[in-house]
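Q: Take a look at the following structure, please.
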């Protein structure tokens, strides 16, 4: 059974299609907000240990809940691509590479303007902008690999029987579960920060969209309740495990079964909504820009540093307000900057871009 292709230049960067499902585009926006939250709570702040929990249990519980609720953001982005299927085209790949270059140069210039000097040598700066260093934009690099490998995955999807597809999913997730989560026995699975993990998520979403197994047939209310139930359960388990045994971090891996399940049922919930919104579609086109700004190697420390400063220097209520305002500012600012990038791309390509159908 063949599916309708989702003609995006490179989800999560944006989507160009004659008919866009605003409910799923809204999920793309939600996923990016979750990524902003997880970077604020997990990347910027330390994982509460027993001493922190004893000193301030309510604050530690709030931190853990925010991580449990937001860790699914990355998985959601990848599964959105799998839900529709990637159909690689050179024009869309070119647009994505231009977007990466645009924001790489822009963030480098912003860092130079703020610091008054280059953050590193010219060679290192060029390597970072071109994604040739080891530490920048791991997600984009994995997704580029998924994008280029998508024709092979699609060929399997189109020719495998339902039973073959289901068996393959069970085997590859079983492999990842044992070697990449329980025992962490292979570094190239790396807690879900890897191309194989992205392939697993892609195939899972394709299977759900094409074959509609029984667990996809629940009501949307049930889907949402399952997702929230997993979030609450993970929060409770991590709180006790961290407090009593110093454990629990593995539940915040991208390849954790709980992370994948929560992302799965939130995706299913949004897939059952009915929504048509030009505004949602307009914003979602530029969703990747939010990641490209606040996670850029030249600028991420300003985002993280602000979160840290407020967490340790303000009351909890003030911290939450400041952090929320920062997230909104990064979100809105990145979207508006990306609209300039889109305009430049249209000018470069004489108006013949993959994003043009959005205006229809």
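In the numbering used here, the protein residues as written are 2 to 361. Glycine included, C-beta positions come from ideal geometry on N, C-alpha and C.
Using the beta-carbon count (16 or more within 10 Å), is residue 84 buried or exposed?
A: That one is buried.
Q: Label residue 268 either buried or exposed according to how many other C-beta atoms from any shown protein chain fall within 10 Å of its C-beta, with 16 as the threshold for buried.
A: Flag for residue 268 reads buried.
Q: With DSSP collapsed to three states, give me the class of residue 72.
A: Here residue 72 sits in coil by DSSP.
Q: Please state the DSSP three-state secondary structure of residue 105.
A: Reduced to three states, the DSSP call for residue 105 is helix.
Q: Assess contact between the region 53-70 and the region 176-196, defined as three or more Cβ pairs (one per stretch) separated by less than 8 angstroms. Is contact present?
A: No, because fewer than three Cβ pairs between the region 53-70 and the region 176-196 fall closer than 8 angstroms, the two stretches do not touch.
Q: Between which two residues does the alpha helix (DSSP H) containing residue 198 stretch?
A: Run containing residue 198: 196-212, per the alpha helix (DSSP H) assignment.
Q: Does the distance from the C-beta atom of residue 141 to that of residue 170 stay below 8 angstroms?
A: Contact: no.
Q: I'd like the span of the alpha helix (DSSP H) that includes residue 340, first residue to last.
A: It spans 317-349 - the alpha helix (DSSP H) in which residue 340 sits, taken as one unbroken run.
Q: Could you check if residue 28 is buried or exposed, using at least 16 other CB atoms within 10 Å of its CB as the buried criterion?
A: Buried.
Q: Can you look up residue 269 in the DSSP assignment and give me helix, strand or coil?
A: Residue state, collapsed to three classes: helix.
Q: So the candidates are 32, 30, 26 and 36; which of them puts its Cα closest to the Cα of residue 295?
A: Looking at the Cα atoms, 36 is the closest of the given residues.
Q: How far does the alpha helix (DSSP H) with residue 245 in it reach, from first residue to last?
A: Unbroken alpha helix (DSSP H) run through residue 245: 221-246.
Q: Provide the residue span of the alpha helix (DSSP H) that contains residue 305, from first to last.
A: Run containing residue 305: 301-314, per the alpha helix (DSSP H) assignment.
Q: On the premise that residue 39 lies in contact with residue 68, defined as a C-beta separation below 8 angstroms, what is that separation, rounded to the nearest angstrom?
A: With 8 angstroms as the limit, residue 68 and residue 39 qualify as a contact, their Cβ atoms being about 6 angstroms apart.
Q: Under 8 angstroms between the Cβ atoms of residue 196 and residue 146?
A: Taking 8 angstroms as the Cβ cut-off, residue 196 and residue 146 qualify as a contacting pair.
Q: I need the straight-line Cα distance from residue 173 to residue 201, nearest angstrom please.
A: The alpha-carbon atoms of residue 173 and residue 201 are separated by roughly 7 angstroms.
Q: Report back the beta-carbon spacing between residue 42 and residue 71 to the nearest angstrom; my notes put them in contact at under 8 angstroms.
A: About 7 angstroms separates the two Cβ atoms, so the contact holds.
Q: Could you please give the first and the last residue of the uninterrupted alpha helix (DSSP H) stretch that includes residue 177?
A: Note, residue 177: alpha helix (DSSP H), 163-178.
Q: Check the C-beta distance from residue 221 over to residue 274 and give it rounded, since I have them as a contact under 8 angstroms.
A: Rounded, the Cβ-Cβ distance is 7 angstroms, consistent with contact.
Q: Whole angstroms is fine: what's the gap from residue 99's alpha carbon to residue 137's?
A: In a straight line, the C-alpha of residue 99 is about 17 angstroms away from that of residue 137.
Q: Taking DSSP as the reference, what is the three-state secondary structure of residue 215?
A: Here residue 215 sits in helix by DSSP.
Q: Is residue 11 helix, strand or coil when you go by DSSP?
A: Only weak support exists for where residue 11 lies, its pLDDT of 45 falling under 50; the coordinates are left without a value.
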